[in-house]
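Under this note's numbering, the first residue of the sequence shown carries the number 111, and numbering increases by one thereafter.
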Amino acid sequence: MATKKSKPPKLLYGLIALLLCGLVIPLVQIIAMSFEGEMPVFQIGSPIHTIGRSYTLEGHASDQKTGLRRVWIAILQQGQERILFDQTFPSKGLLKRGQLQDQLVSLEINAEALDLGDGEALLRTAVWDYSYRDWWAGNRTYAEHQIIVDTQPPTVDVLTRIHNLNQGGTGLAIYQISEPGTVNGVQVVDSFFPGYSGFFDDPDLHIAFFAMPHNKGPESELYVRATDVAGNSTQARFAYYINSKNFNKDRIAIPDAFLRRKIPEFERTIDMVNPSASPIEKFTAINRHLRQANHKTLKGICNKSDAQKYWEGPFLRLPNSARKAGFADHRKYEYNGKVVDEQVHLGIDLASTGHSPVPAGNNGRVALAEYLGIYGKAVILDHGFGLFSMYGHLSRIEVAKDQVVTRGDVIGYTGMTGLAGGDHLHYSMMVDHTFVNPIEWWDPKWIKHNVSDKLKVFTPEVKQ
Ligand SMILES: [Zn+2]
111 MATKKSKPPK
121 LLYGLIALLL
131 CGLVIPLVQI
141 IAMSFEGEMP
151 VFQIGSPIHT
161 IGRSYTLEGH
171 ASDQKTGLRR
181 VWIAILQQGQ
191 ERILFDQTFP
201 SKGLLKRGQL
211 QDQLVSLEIN
221 AEALDLGDGE
231 ALLRTAVWDY
241 SYRDWWAGNR
251 TYAEHQIIVD
261 TQPPTVDVLT
271 RIHNLNQGGT
281 GLAIYQISEP
291 GTVNGVQVVD
301 SFFPGYSGFF
311 DDPDLHIAFF
321 AMPHNKGPES
331 ELYVRATDVA
341 GNSTQARFAY
351 YINSKNFNKD
361 RIAIPDAFLR
371 RKIPEFERTI
381 DMVNPSASPI
391 EKFTAINRHL
401 RQANHKTLKG
411 ICNKSDAQKY
421 WEGPFLRLPN
431 SARKAGFADH
441 RKYEYNGKVV
451 DEQVHLGIDL
461 ASTGHSPVPA
471 GNNGRVALAE
481 YLGIYGKAVI
491 LDHGFGLFSM
501 YGHLSRIEVA
511 KDQVVTRGDV
521 IGYTGMTGLA
531 GGDHLHYSMM
541 VDHTFVNPIE
551 WWDPKWIKHN
561 VSDKLKVFTP
571 EVKQ
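Now the structure itself:
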């Protein structure tokens, strides 16, 4: 019984102790949390050095403990401060915790509206949290960024006077830009062709090869565009004339024997073909979707070109060959007398004897040497400054990626890999991401008038 009597007080003390612990520990935790010393963060999206007429500042404010209280952004120039952003965020609950732990800030800085002059300025940012520290004002993180305000767009002088362009052909513009570090090039309707510095000794001089896409007519709008690091942009117009071209129309009958021979090659190499589809359905899937995927790969490769002119003189055409299909031929594919697909042929087909050696069209660096879907075993050469040549349907590839080749070097042998009905070479040329007519690049007169003579005018040795 004595044991029974002593039990209740023990239990009581135990309960009280437990209750105290249950109250005190969370209370201590709450107080500790309320006085947390973790600093809030304001991070600018991308490093800010120069701002132009208009600049979008992207930032991310965060505080993972008591939450965000306030974000403040200002710009200081010659002792005058302009407040760009000042926002206090709401709190919630008895303990006044911030409702937000993360907040994205997007802010348009308009130099003219803020009356900012060109020159140095100081961007200042501050962020507070809901901690009880600093007499309930919260932890504050303050930062300064030295920036340059530059509202002057670059000046661009197009130095080449004549631009006689063929629809589907290539053009060359030479221009001078007043400041370094711009993104510049020729805009052809909705396509941009980057220009390069470094061809001439004068770094202000730039060259840009550009394509007149086969499907853009004589009314197309062209200009040189240059954008400086501050985002100020200039458009410089130049004189040009675009000769319109009518491209051939072609009908290609797809025989069953071709499907029987070709489809297995694709079924082995790609998973784009629905196994239960009919052979002609498989063909159209390859002809459309694989073609599209291959062109995407091709554009990715041709978006990176060496800033070096490897090529010299006219490009070589496959020797002793007959032209079997032309550039920008509009092809209708027929099966059992019905049109099943339409595509544009963006190269020239040349047939010689089977397994003929294929010479490199000109000096260059191998940018691709592998199987490329409808083009089969293929080689792409980078000739520098955005100019590329491509060789498709090869039976064998004789070069490796990044190998430097000389005009005439055998890079492979003709064949019928990919979507080829018979042994031939598919020869394409590209300026950056756009196919151009190779005929111009085989023609020494065209090269002289449209490229070499233009480059010579601005080369000092020749001027003297
Ligand atoms: Zn072809």
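The beta carbon of each residue, even a glycine, is placed where N, CA and C say it ideally should be. Since the structure is predicted, the reported quantities are computational estimates derived from the model, not experimental observations.
If only uninterrupted beta strand (DSSP E) runs of at least 3 residues are considered, those enclosed by the segment 420 to 451 are 432 to 435 and 439 to 445. The beta carbon of Phe348 sits closer than 6 Å to those of Val268, all from its chain and outside the five residues before and after it, given in chain order.
Here Asn560 is buried: its Cβ has 16 or more other Cβ atoms, across all protein chains shown, within 10 Å. Cβ neighbours of Lys487 within its own chain (closer than 6 Å, five residues either side excluded): Tyr481, Leu504, Ile507 and Thr527. For Ile317, the pairing in a beta bridge is given by DSSP as Ile284 and Tyr306.
Between Lys564 and Leu282, the gap from beta carbon to beta carbon is short of 8 Å. When distances are taken from the beta-carbon of Gly308 to the heavy atoms of ligand 1, even the shortest one reaches 7 Å or more. In this structure Val215 is buried. Its beta-carbon is surrounded by 16 or more other beta-carbon atoms within 10 angstroms.
With a cutoff of 7 Å, His324 does not count as near ligand 1, since its C-beta is closer than that to no heavy atom of the ligand.
The closest CA to that of Leu204, considering only Gln197, Glu191 and Thr176, is found on Thr176. Looking at the DSSP output, Asp512 shares a beta bridge with no other residue. Using a Cβ distance threshold of 8 Å, Asn342 and Arg163 count as a contacting pair. Two segments are said to touch when three or more pairs of C-beta atoms, one from each, lie closer than 8 Å; by this definition the segment 445 to 454 does not touch the segment 420 to 436. For ligand 1, the residues with a Cβ under 7 Å from any of its heavy atoms are, in chain order, Ala435, His455, Gly457, Asp459, Gly502 and His536.
Counted as a single uninterrupted DSSP element, the alpha helix (DSSP H) harbouring Thr394 occupies residues Pro389 to Ala395. Of the candidates Glu218, Asn294 and His159, the residue whose Cα lies closest to the Cα of His255 is His159. Membership of Leu504 in the beta strand (DSSP E) is indicated by the continuous run Leu497 to Leu504. Taking Thr235 as the centre and dropping the five residues before and after it, the same chain places the C-beta of Phe152, Ile183 and Ala253 closer than 6 Å to its C-beta, in chain order. Under DSSP, Leu217 takes part in a beta bridge, and its partners are Leu167. Separation of Gln190 and Ala221 (C-alpha to C-alpha, rounded to the nearest whole angstrom) is 14 Å. Taking 8 Å as the upper bound for CB-CB distance, Phe568 and Leu232 are not in contact here, some 42 Å apart.
Within a 10 Å sphere around the beta-carbon of His170 sit fewer than 16 other beta-carbons, which makes this residue exposed. Beta-bridge analysis with DSSP links Thr337 to Val293 and Ser343.
For Pro469, there is no enclosing alpha helix (DSSP H); the residue is part of the beta strand (DSSP E) that begins and ends at Pro467 to Pro469. A residue is called buried when at least 16 other Cβ atoms come within 10 angstroms of its Cβ; Cys131 does not meet this threshold and is exposed. Of the residues assessed, Thr265 falls on the exposed side of the cut-off, its CB having fewer than 16 other CB atoms within 10 angstroms. For Lys511, same chain residues with a beta-carbon under 6 Å away, outside a window of 5 residues either side, are Val476 and Ala479 in chain order. In this structure, Gly494 lies near Ser415, with their beta-carbon atoms less than 8 Å apart.
In the structure shown, Gln256 falls within a strand segment according to DSSP collapsed to helix, strand and coil. The three-state secondary structure of Ala403, taken from DSSP, is helix.
Taking a cut-off of 8 Å on C-beta distances, the segment 138 to 158 does not touch the segment 195 to 202, as fewer than three cross pairs fall below it. Judged by DSSP secondary structure, Val567 falls within the alpha helix (DSSP H) whose first and last residues are Asp563 to Val567.
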